[in-house]
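Taking it in order: structure first as structure tokens, then the write-up.
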Amino acid sequence: MNNRQPDKYIINNINQTYICFHNTSENYHTEPNPPYHRHDAYEIYLFIKGSLKMYIEDSYYQLSPGDMAIINPDELHRSIADDTVTYERIGLNIKQSVFDNLNTFNTNLLTCFHSHPHGMNNIIHLNKNEMEAFIEICDKLLAAQSSESYGNDLLCYSYLIQILVMTNNFYKNATSFNYVNLMPQVIRDTMKYIDDNLTGNIALENLSDQFGFNGNYLSSVFKKNTGLTLRNYIIEKRITLAKKILMQGASVSDACYQSGFNDYANFIRTFKKFTGISPGKYHG
1 MNNRQPDKYI INNINQTYIC FHNTSENYHT EPNPPYHRHD AYEIYLFIKG SLKMYIEDSY
61 YQLSPGDMAI INPDELHRSI ADDTVTYERI GLNIKQSVFD NLNTFNTNLL TCFHSHPHGM
121 NNIIHLNKNE MEAFIEICDK LLAAQSSESY GNDLLCYSYL IQILVMTNNF YKNATSFNYV
181 NLMPQVIRDT MKYIDDNLTG NIALENLSDQ FGFNGNYLSS VFKKNTGLTL RNYIIEKRIT
241 LAKKILMQGA SVSDACYQSG FNDYANFIRT FKKFTGISPG KYHG
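Just so it is clear: in the sequence shown, position 199 is 199 by my numbering, and no numbers are missing.
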């Protein structure tokens with residue numbers, strides 16, 4: 001399967017160091033079938049009201065009010081809200097630089113993000129009191145962000161610290177991660193096959209032979225469950241692998257071919273499209 005240019009929205013870059021959001025379906029439009037995507041930031045997402053499907057990597061969950069998703073920058077995800085009922089969510093996207101400034105010798109605020117295996121144990125449930133406390137501080141942060149009062153920048157950081165400490169305590173005290181994974185088995189198997197064979201030639205015929213499904217059917221089911229074509233999903237995974245290889249000090253050429261790309265010029269273009277910078281300047 002060749003490496004054509006990816007969908008423009010697989011990675012959603014965050015322009016600010018952090019973003020706090022509190023949206024309802026009455027003031028925020030959601031796509032009916034958004035694609036898998038990832039951010040160049042960590043995400044905390046609290047589902048408050050409505051009906052919501054949350055997809056993270058090879059898992060799909062039906063969330064209940066009070067469910068909180070904790071998502072790393074390299075974890076593909078999407079959420080689909082039922083537009084027939086009122087929907088409400090609150091949360092944050094936070095860049096690595098914020099944690100670099102806030103972490104101390106005794107307190108690593110990234111602990112809740114790094115304590116779970118990739119694409120697993122991302123969802124915890126908050127009780128009513130925990131929900132109310134989280135929403136209250138997030139709303140205070142939003143108010144401080146829109147204020148021009150003296151010291152509002154410091155107030156923002158104080159609320160942000162409280163939110164992150166609170167979230168880490170929620171995750172640390174979570175008693176169960178037994179959420180039912182509703183992702184069709186053929187999609188989970190396809191994703192695993194892609195991960196296991198990422199550096200080789202992955203053709204649609206290989207996938208058809210592996211799983212015994214017609215190629216067009218498999219492509220259609222994959223797109224329905226991820227919002228992405230198989231080709232663009234593979235490209236995204238290869239870019240993620242290339243970033244890790246570059247972080248280990250490899251050359252751009254080595255990162256290209258070791259991550260499954262077979263065209264150097266296309267790798268340069270695609271990497272820059274995904275990350276915003278050329279692979280030669282990437283340092284993570």
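For every residue, glycine included, the Cβ atom is placed at its ideal position computed from N, Cα and C.
Item: In DSSP terms, what C20 is bridged to; Value: L92
Item: Presumed contact (8 Å Cβ cut-off) between I239 and F271, rounded CB distance; Value: 6 Å
Item: Per-residue burial, T104 [other beta carbons within 10 Å of its own, 16 or more giving buried]; Value: exposed
Item: Cross-strand partners of K49 (DSSP beta bridge); Value: E88
Item: Boundaries of the alpha helix (DSSP H) in which N144 is found, first to last residue; Value: Reading off the sequence shown, one finds Ala at residue 144, where the question assumed Asn. K128 to Q145 is the extent of the alpha helix (DSSP H) around A144.
Item: Expected contact under 8 Å - CB spacing of I123 and Y36 to nearest Å; Value: I123 to Y36, Cβ: 17 Å. No contact.
Item: Those residues which DSSP pairs with H37 across a bridge; Value: H77
Item: Exposed unless 16 or more other CB atoms sit within 10 angstroms - verdict on D58; Value: buried
Item: Beta-carbon proximity of L142 to C256, cut-off 8 Å; Value: no
Item: Paired residues, beta bridge with A69 - DSSP; Value: Y45 and I123
Item: Endpoints, alpha helix (DSSP H) assigned at Y193; Value: Q185 to D196
Item: Environment of F267 [buried if 16+ CB atoms lie within 10 Å]; Value: buried
Item: Buried versus exposed, by CB contacts within 10 Å (16 or more), G276; Value: exposed
Item: Beta carbon of L126 nearer than 8 Å to that of F170; Value: yes
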